[in-house]
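Protein chains in written order, with my numbering: chain X, 1189 to 1396; chain E, 1189 to 1396. Don't be surprised by glycine CBs; every beta carbon is placed ideally from N, CA and C. Below is one structure; the comments refer to it alone.
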DNA sequence: CATCGGCCTGACCATCCGGTCAGAAAAAGA
DNA sequence: TCTTTTTCTGACCGGATGGTCAGGCCGATG
């Protein structure tokens, strides 16, 4: 009886260990990529033995997959939260801020996805062109309607969303580069918030 | 006499093969990362045998390093080309367009760097905080002067540069995601050019 | 056309890595 | 306490992978 993944962890030990494994795996996968990470690294980081990892998860793939799918929901929450009934610019600015906050609070998760997508998203193509696409389509339609109503500047909703992703995730994914250039004394995220506020404010104001 | 890297390739065969190796390595490294790529893959892609690779390069690391350093110059050319004597908005818009064009024409190079930086830039930290930092500092100073002269909106030069990097490279590095959402019929890069033109035009116009 | 030096290869090696397994240790239950 | 179930481990396996080496090939030069 190997497979524990099917029925959710019940005992205290199971919950504690699966959690430790996923935490360790996030740390290791996000900074080395899937292929660049080893079970030994994860085991060491989790304070467990390698065979014990494989007692809780059937394979390295399974750990990675569990992480990725478990995080996708959280990751897309801010986008889901865009409210068609809200004030357009507030909604989008809130989205930007929440996304930037996630980059600051969850850089490892950001890098995990970045690694995956960079390498062709072999393990989540179905999610990208399935759930993600339809969510983005939905929100793009909302933005389009706002534009039609003259409440936002005329800009492409899809590329607006891409630009938000690009700029917010940049501060997590390329943190080393940002820090190398700004130096350690700067609070990159605080500065980014000011900058992005200004940028999107200017971008979204309706034409006169 | 193993090391050929020291003195530049002389014979026709050397030039042809080192070129084939670097081309193949770019293809393989950029889509699998350093750790995810094997010498066999590179050898196959280059049409050579594995020992023959190691006749031209002393190690896998050496191939990767050669690629990375060789490309850094090309990669930063557009930034270098920003002319303090030029018209500020033209200079920056030209930079954006050239950077986007590079993402379209050299997506593999973009992904190679992205992979490296994502994983903490272990092999190019010195370049980041050395040459790159000083180049960015220099150009940021130029932009600051333009702002002081009232020829650009008051925005942080460093984060302006980050935003250009983020948005242009996004279309290369996350191409799979972009394509999954837009579908194959869209020309993402053409749309991006229009979008970024508008975005930076609005961002940079001096306040009244 | 001979020969010499640059070019190339098959076979091999040591190590790493994901994964297995028999059974020990520990916890839970009776 | 005794038994059963869960948790854990050392030893091991097979395949992949980076790298080596002795020697064969082959093209340029005299």
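For residue 1235 of chain X, the secondary structure class from DSSP, reduced to helix, strand or coil, is coil. DSSP, reduced to helix, strand and coil, places residue 1221 of chain X outside both helices and strands of the structure shown, so it counts as coil. Between the beta-carbon of residue 1391 of chain X and that of residue 1343 of chain X there is about 7 Å, and that keeps the pair under the 8 Å contact cut. Residue 1333 of chain E: member of the alpha helix (DSSP H) spanning 1321 to 1336, first to last residue. Exclusion of the five residues before and after residue 1252 of chain E leaves 1213, 1217, 1222, 1311 as the residues of its chain whose Cβ lies within less than 8 Å of its Cβ. Along the stretch 1215 to 1228 of chain E, the positions whose C-beta sits under 7 Å from a C-beta of chain X are 1219, 1220, 1221, 1223, 1224, read in chain order. Using beta-carbon distances, residue 1263 of chain X does not count as an interface residue toward chain E, since no partner is under 9 Å. For the pair residue 1237 of chain X and residue 1249 of chain X, the Cα-to-Cα distance works out to about 17 Å. About 5 Å separates the beta carbon of residue 1362 of chain X from that of residue 1305 of chain E, a gap short enough to meet the 8 Å contact definition.
Bounds of the alpha helix (DSSP H) holding residue 1368 of chain E are 1363 to 1370. Taken atom to atom, the span from the alpha-carbon of residue 1299 of chain E to that of residue 1356 of chain E is near 12 Å. A straight-line Cα-Cα distance of about 16 Å links residue 1340 of chain E and residue 1284 of chain E. Residue-level contact by beta carbon holds for residue 1369 of chain E and chain X, with a gap shorter than 9 Å. DSSP, reduced to helix, strand and coil, places residue 1394 of chain E outside both helices and strands of the structure shown, so it counts as coil. Scanning X:1225, X:1313, X:1241 for the CA closest to the CA of residue 1205 of chain X turns up X:1241. Distance check between residue 1389 of chain X and each of X:1219, X:1281, X:1211, X:1307 places X:1281 closest, using alpha-carbon atoms only. Non-local C-beta neighbours of residue 1269 of chain X in its own chain, meaning closer than 8 Å and more than five positions away in sequence, comprise 1282, 1283, 1286, ordered along the chain.
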